[in-house]
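Chains A and B, in that order, are what the protein sequence lines are. Numbered as in our numbering, the first sequence ends at 209 without a single skipped number. Numbered as in our numbering, the second sequence ends at 99 without a single skipped number. Quick reminder that beta carbons are idealized off the backbone N, C-alpha and C, glycines included.
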Amino acid sequence: MRPRLAFRQFEFLSYLVTAAVLGLAGMFLQASGATDLLVASVIVILAISIRTSVRMAQLHEWEPERVAKGPGVRIDDLEERCKACERENGRLSADLEETRSQLIKLKALEHELVSKVLESRIDDLERRYKIREQQDRRLSADLEQTREQLSALDAKIKITEKRNVSAAGAT
Amino acid sequence: MRSNKRIIWEHFTDSVVLIGLGIVLDLSIIGASSLSRGMAELARWVEMFSKWFTIAAFAQFCIDSLVQLTIRNYAELRRARGE
Numbered sequence: 039m040r041p042r043l044a045f046r047q048f049e050f051l052s053y054l055v056t057a058a059v060l061g062l063a064g065m066f067l068q069a070s071g072a073t074d075l076l077v078a079s080v081i082v083i084l085a086i087s088i089r090t091s092v093r094m095a096q097l098h099e100w101e102p103e104r105v106a107k108g109p110g111v112r113i114d115d116l117e118e119r120c121k122a123c124e125r126e127n128g129r130l131s132a133d134l135e136e137t138r139s140q141l142i143k144l145k146a147l148e149h150e151l152v153s154k155v156l157e158s159r160i161d162d163l164e165r166r167y168k169i170r171e172q173q174d175r176r177l178s179a180d181l182e183q184t185r186e187q188l189s190a191l192d193a194k195i196k197i198t199e200k201r202n203v204s205a206a207g208a209t
Numbered sequence: 017m018r019s020n021k022r023i024i025w026e027h028f029t030d031s032v033v034l035i036g037l038g039i040v041l042d043l044s045i046i047g048a049s050s051l052s053r054g055m056a057e058l059a060r061w062v063e064m065f066s067k068w069f070t071i072a073a074f075a076q077f078c079i080d081s082l083v084q085l086t087i088r089n090y091a092e093l094r095r096a097r098g099e
């Protein structure tokens, strides 16, 4: 695979260049009279810093194919992620619209429910009002009947009293 | 994604090639010091260079394997955590 080979070549070249630079540094340090231990320490420190810097720069690029193909792949990847984000955004917007329409429907249903409850209350009140009206009419009729009975009784009492008075006069 | 063994093996092969290159360079100047004074001086420089080149190649193999595996495993750990 060509990209894989390119990546391996890049790694090998990186090794080679770093080793050459460190070799030159060691050579000049040794020539200037530094001890082997000092030169080895400097080389190890330089190697640590160089390799760490290189690897940290590749921290987000672990897939060798991606590195091998170059920044174009990263742009493609970013474009793909952008498209995925746009799709997600569209889906979320559709969800939001749907939720809004459902909320409007629910509000309408709530209004309908409230109006139905009120209507049933009004019906109930009307029914109770009619019952009361009937009771009132019945009570009025009873009252009228009682008054008539009372007047009849009064008349009977008067007649009886007259009879009693006439009977007492006769005796 | 490459496995840890694969990474170490690739670094090992690279370092073996470089160490071999350093040894070949060192061996190539054997006997050159007896030719002339200038060649003797050149041989001394090449000897010093190949020595530190070989040591640097080996140090890179150890350090790079360690650094790459550490960073990669850390990145995998972070990815697994969803960070």
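Item: At least one CB of chain A closer than 8 Å to the CB of residue 40 (chain B): is that the case?; Value: no
Item: Which bits of chain B does residue 73 (chain A) rub up against, with CB to CB less than 8 Å?; Value: Ordered by position in chain B, no residue passes the 8 Å Cβ test against residue 73 (chain A), which lies about 13 Å from the chain.
Item: Do the segment 30-42 of chain B and the segment 49-66 of chain A meet, that is, are 3 or more Cβ pairs less than 8 Å apart?; Value: yes
Item: Which chain B residues are close to residue 82 (chain A), counting only those with a beta carbon under 8 Å from its beta carbon?; Value: 75 and 79
Item: Taking residue 44 (chain B) as part of the alpha helix (DSSP H), name the residues at either end of that continuous run.; Value: 20-44
Item: Give me the Cα-Cα distance between residue 154 (chain A) and residue 161 (chain A), rounded to the nearest whole angstrom.; Value: 10 Å
Item: Can you tell me whether residue 51 (chain B) is helix, strand or coil according to DSSP?; Value: coil
Item: Give me, in chain order, the residues of the same chain whose beta-carbon lies closer than 8 Å to that of residue 74 (chain A); leave out the 5 immediate sequence neighbours on both sides.; Value: 68
Item: What is the C-beta distance between residue 42 (chain B) and residue 50 (chain A), in whole angstroms, given that I count them as a contact (C-beta under 8 Å)?; Value: The pair is not a contact, with the Cβ atoms about 20 Å apart (cut-off 8 Å).
Item: Which residue wins for smallest C-alpha separation from residue 53 (chain A), given the options B:88, B:93, B:76 and B:91?; Value: B:76
Item: Mind checking the segment 128-155 of chain A against chain C and listing, in chain order, the residues whose C-beta falls within less than 9 Å of any C-beta there?; Value: The structure shown contains no chain C; the protein chains it does contain are A and B.
Item: Consider the Cβ of residue 72 (chain B): report whether some Cβ of chain A lies at a distance smaller than 8 Å.; Value: yes
Item: Cβ of residue 77 (chain A) within 8 Å of Cβ of residue 64 (chain A)?; Value: yes
Item: Given residue 85 (chain A), which residues of its chain have a CB within under 8 Å of its CB, disregarding the five upstream and five downstream residues?; Value: 56 and 60
Item: For residue 80 (chain B) versus residue 119 (chain A), is the C-beta distance shorter than 8 Å?; Value: no
Item: Within the same chain, show all residues whose beta-carbon is closer than 7 Å to that of residue 187 (chain A), passing over the 5 residues directly before and after it, in chain order.; Value: none
Item: Judging by CA-CA distance, which residue of B:72, B:60 and B:46 is the nearest neighbour of residue 83 (chain A)?; Value: B:72
Item: Applying the 10 Å Cβ sphere with the 16-neighbour rule, what's the burial state of residue 83 (chain B)?; Value: buried
Item: I'd like to check one pair, residue 66 (chain B) with residue 56 (chain B): are the Cβ atoms closer than 8 Å?; Value: no
Item: Using a 10 Å radius around the Cβ and a threshold of 16 neighbouring Cβ atoms, would you call residue 136 (chain A) buried or exposed?; Value: exposed
Item: So what does DSSP say about residue 70 (chain B), is it helix, strand or coil?; Value: helix
Item: Where does residue 209 (chain A) sit, in a helix, a strand or coil, going by DSSP?; Value: coil
Item: Taking the alpha-carbon positions, what's the residue 92 (chain A) to residue 28 (chain B) distance?; Value: 18 Å
Item: Residue 39 (chain A): buried (16+ other C-beta within 10 angstroms of its C-beta) or exposed?; Value: Residue placement at residue 39 (chain A) is poorly supported in this model, since its pLDDT is 42, which falls under 50; the coordinates still yield a value, given next. The residue is exposed, with fewer than 16 neighbouring Cβ atoms inside 10 Å.
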